[in-house]
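Residue numbers (the numbering used here): 85 to 330.
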Amino acid sequence: MKTINRDIKKALKEYVDRLRKAVNLERQAEMEFYLNEIKKLSGAEREKRGRALLNLNFRITGEMLGDKYIVKVFRDKEFPENEISVGDYVLISDGNPLKFSIGGTVLEKSKHHLLIALDEYPPKWLTKRKVRVDLYTNDVTFQRMLKALEKLERGESIFSIRHLLFKERLKKLNVKVEKFFDERLNDYQRKAVINALNYDPLYLIHGPPGTGKTVTAVEIIRQLVKMGKRVLVTADSNIAVDNVLE
């Protein structure tokens, strides 16, 4: 048993190290993508895509968070819909981020302002100009992934996931699908449905857009309802839930 546990710990460390490296590589790739986008697109085009905010007032609040300097960028007109979120890393410039910019992390967001913690003290002349804020990386997602890997490595409250990943404990049921509601499902989708119904407590279906994850999820839901199960459907947006219900 001790030998098995040591083997599992070694496999777990290798697994976490590999994924941590992959997350950091993905983060670096996203930063390069956004930097290239800043080079190719105008500020207005980037704002239209939701990855920049233009014509903002700049104020040094005088407050600090650790060794970070907190500033406020704002305007009277409501911000357009954008991807900038609390925790994201952004660049502040006077209109040309490639020529001059200072980086910081978004602390607070409203319809009219952002509070940003800067890595360095900002030049006062920024307070006399309109500034531009550019999304540099959606850091929230990456930080969540890294924290999840840390928890997995320490074994905090996620033993069931560890058991699944390393087959310490995997419960397989004996559910058979007599008939599929959607006869258009391909072999891979049908296999995913059967596996999802049979593996407890978790089964993950992963794939790029357009591969039929939603129709597969719908089939799983219908099969569970047919079995008399109660189903809670969640997603990261209302639109995603609507797509399942439709």
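C-beta: ideal position from N, C-alpha, C; glycine also. Predicted, not measured: the structure shown is a model, and the values here were computed from it.
Stretch-stretch touch, CB-based, cutoff 8 Å, three pairs: the segment 228-238 with the segment 150-157: Using a Cβ-Cβ distance cut-off of 8 Å, the segment 228-238 and the segment 150-157 are not in contact, since fewer than three pairs of beta carbons, one from each stretch, lie closer than that value.
Test item: CB-CB of Arg102 and Asp218 under 8 Å: Taking the first residue of the sequence shown as 1, we reach residue 102 at position 18. Taking the first residue of the sequence shown as 1, we reach residue 218 at position 134. Not closer than 8 Å, so no.
Between Phe226, Lys93 and Phe117, which has its C-alpha nearest Val170's C-alpha? As a working note, residue 170 is residue 86 in the sequence shown. For the residues Phe226, Lys93 and Phe117, the minimum Cα distance to Val170 belongs to Phe226.
Taking contact to mean 3 or more Cβ pairs, one atom from each stretch, closer than 8 Å, check whether the segment 206-213 and the segment 101-120 are in contact. No, the segment 206-213 is not in contact with the segment 101-120.
Three-state class that DSSP yields for Lys86 in the structure shown: To locate residue 86, count along the sequence shown from 1; it is residue 2. Any reading at Lys86 must be qualified, since the residue scores a pLDDT of 47, below 50, and its modelled position is unreliable; no value is offered.
For the alpha helix (DSSP H) containing Glu131, list its first residue and its last residue. Position 47 of the sequence shown, counting from 1, holds the residue named residue 131. Annotation for Glu131: the continuous alpha helix (DSSP H) segment containing it runs Gly127 to Lys132.
Best match in Glu192, Val261 and Phe142 for proximity to Pro206 [C-alpha to C-alpha]: Residue numbering aside, residue 206 sits at position 122 when the sequence shown is read from its first letter. Nearest C-alpha to Pro206 among Glu192, Val261 and Phe142: Phe142.
Beta carbon of Val325 nearer than 8 Å to that of Val317: For this step, residue 325 is matched to residue 241 along the sequence shown. For this step, residue 317 is matched to residue 233 along the sequence shown. Result yes, Cβ atoms of Val325 and Val317 sit closer than 8 Å.
Which residue from Ile304, Ile122 and Arg314 puts its Cα closest to that of Phe265? Along the sequence shown, one-based indexing puts residue 265 at 181. For the residues Ile304, Ile122 and Arg314, the minimum Cα distance to Phe265 belongs to Ile304.
Rounded to a whole number of angstroms, what is the C-alpha to C-alpha distance between Lys105 and Ile92? As a position in the sequence shown, residue 105 is number 21, starting the count at 1. As a position in the sequence shown, residue 92 is number 8, starting the count at 1. Each residue's alpha carbon lies about 20 Å from the other.
Which partner residues does Arg143 have in the DSSP bridge list? Taking the sequence shown and counting its residues from 1, the one referred to as residue 143 is at position 59. The beta-bridge partner set that DSSP reports for Arg143 consists of Lys156.
With distances taken between CB atoms, is the gap from Thr221 to Tyr118 smaller than 8 Å? Counting from one through the sequence shown, the residue named residue 221 turns up at place 137. Counting from one through the sequence shown, the residue named residue 118 turns up at place 34. Cβ atoms of Thr221 and Tyr118: closer than 8 Å.
When the distance is taken between beta carbons, is Val315 closer than 8 Å to Leu269? Start at 1 with the first residue of the sequence shown, and residue 269 comes out as number 185. Start at 1 with the first residue of the sequence shown, and residue 315 comes out as number 231. No; because the gap between Cβ atoms is not below 8 Å, this pair is not in contact.
Compare the Cα-Cα distances from Asn279 to each of Gly291, Lys297 and Leu257 and report the closest residue. Counting from one through the sequence shown, the residue named residue 279 turns up at place 195. Closest by alpha carbon: Leu257.
Whole-angstrom C-beta distance between Pro181 and Ile122, which should lie under 8 Å: Numbered from its first residue, the sequence shown carries residue 122 at position 38. Numbered from its first residue, the sequence shown carries residue 181 at position 97. About 6 Å separates the CB atoms of Ile122 and Pro181; that is less than 8 Å, so the two are in contact.
What residue from Leu109, Lys214, Met311 and Glu147 has the CA that sits closest to Met229's CA? Residue numbering aside, residue 229 sits at position 145 when the sequence shown is read from its first letter. Ranking the options by Cα distance to Met229, first place goes to Leu109.
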